[in-house]
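Working notes for the structure below.
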Amino acid sequence: MGMPTSGVYVLLAALVAPSLVEAGVTPIAAHLFILYFGMMSMITPPVALAAFAASAISGAGAVATGVAAMRVGWAAFILPFAFVATPALLLEGSLQETVLAAVLTTVGVGAVTIGITGYWARHLNIVLRIVFVILGAVAIPLGFIGVPMLVHTLAAAGVVILAAGLSFSKPAKAGNGQAAEREV
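Residue numbers (the numbering used here): 99 to 282.
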């Protein structure tokens, strides 16, 4: 609890990585898996040392800052599983597989982040947020789920089309002629 990332990595590399490799995970994927999860303690309550330091500087609540850090850093909880399930993300595979996996993962993570934060070129209503989260989650290629690559690609295309449409459309007008804005 409260260990620096390098110390956590050394401890997990000695205790956990051998078990992951023995279970069939490639060594590079196993070490990236434990590295990412080891560093997540910095933003995950109740430890959340980085979030607590930020809350002390900003004057915000410590737990609220930790929860906000988890909302923004959610992708770091998913990426370790993607490294294990999709070896192409670690440059293990053909160039085409690597590029496709990287693009799909980037689009998927971006879409889910848009859905979680609720903003893309303007504030989004709950329906659009849910659509972004679902399309983004489907776009991320996690090999152990067994979804065909075409489905991931179509979901990513849907995200791009939806994001482009929102980027070029104008926000709804309020009754007084001013653009409607949600207070944060």
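The beta carbon of each residue, even a glycine, is placed where N, CA and C say it ideally should be. It should be emphasised that the depicted structure is a prediction, and the values quoted were computed from it without experimental measurement.
Residue i versus residue j: straight-line alpha-carbon distance, rounded
i, j, result
"Glu281", "Thr215", "Summary for Glu281: the model assigns pLDDT 49, below 50, so the residue's position carries little reliability; its value from the coordinates is reported in the next sentence. Looking at the two C-alpha atoms, the distance is approximately 14 Å."
"Leu193", "Ile176", "23 Å"
"Gly100", "Ala115", "21 Å"
"Ala151", "Ala160", "8 Å"
"Val145", "Lys268", "42 Å"
"Gly157", "Ser104", "29 Å"
"His250", "Glu195", "13 Å"
"Asn223", "Leu113", "45 Å"
"Val236", "Val182", "17 Å"
"Ile126", "Leu188", "8 Å"
"Val201", "Leu130", "19 Å"
Contact belief for residue i with residue j at Cβ below 8 Å, rounded distance in angstroms
i, j, result
"Thr184", "Leu233", "In fact, because the Cβ distance is near 18 Å, the residues do not count as touching under 8 Å."
"Val207", "Ala173", "5 Å"
"Leu147", "Met140", "6 Å"
Selection from the options that minimises the alpha carbon distance to residue i
i, options, result
"Gly256", "Val229, Phe266 and Pro246", "Val229"
"Val197", "Thr142, Met247, Thr211 and Pro143", "Met247"
Check whether residue i and residue j have beta carbons under 8 Å apart
i, j, result
"Pro102", "Phe135", "no"
"Ala219", "Leu264", "yes"
"Ala154", "Ala167", "no"
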